[in-house]
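In the UniProt record's numbering, the protein residues as written are 1 to 176.
Please read the structure below before turning to the comments.
See the structure below:
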């Protein structure tokens with residue numbers, strides 16, 4: 001099976017945006033195209049977390065929304081990881097689907113497809129938690145090709161517009 005680049009698009013696909021703030025100040029808006037044709041559940045999960053329309057999580061009781069969350073891990077020159085709607089540190093999260101209605105286990109997504117690859121800057125994929133089929137709300141946003149994520153993290157979109165201010169790590173760790 002041949003891999004295709006995350007930017008190969010045929011039919012119209014959903015678009016969403018995130019406003020990025022750094023130290024409480026607006027840094028920009030990033031618009032993403034979601035590859036619902038290849039990874040429909042991961043795409044809908046991200047879209048729903050961007051809009052906040054799914055209400056509160058059944059497991060955490062917290063809003064199913066990226067509002068107020070942080071990029072909790074930044075690897076300069078490689079990627080940023082964000083979207084932990086539970087603990088905001090990469091240890092938690094929850095998907096918008098219920099078990100048996102889109103989620104493999106309560107709060108977790110099955111790995112749908114590894115067809116798309118982490119080919120360059122702006123690729124959006126599920127964050128790898130504790131192994132296969134453990135995607136939730138956390139996501140990766142690449143700054144460069146990240147082949148080590150191929151076959152591990154499901155690519156479901158890419159950035160098409162916007163550029164936040166450069167992100168740097170502070171305080172001795174990979175945090176904004």
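Positions of the beta carbon are idealized from the N, C-alpha and C atoms, including for glycine.
Asked	Found
Against chain B, does residue 29 count as a neighbour if the rule is that its beta carbon must be under 9 Å from one of theirs?	Absent from the structure: chain B. Only one protein chain is present.
Would residue 122 pass as a contact of residue 42 if the rule is Cβ separation under 9 Å?	no
Could you say which of 124, 144, 162, 160 lies nearest to residue 46 if we only look at CA atoms?	124
By Cβ distance, which residues of its chain are closer than 8 Å to residue 91, with the 5 residues on each side in sequence left out?	84
Suppose the cutoff is 7 Å on Cβ atoms and the five residues either side in sequence are ignored; what does the same chain contact list for residue 14 look like?	34, 36, 43, 47
Looking at residue 137 and residue 53, is the spacing between their C-beta atoms short of 9 Å?	no
Answer with buried or exposed for residue 111, where buried requires no fewer than 16 other C-beta atoms within 10 angstroms of its C-beta.	buried
Got a sec, what are the start and stop residues for the alpha helix (DSSP H) residue 117 sits in?	Note, residue 117: premise wrong, no alpha helix (DSSP H); not H, not E.
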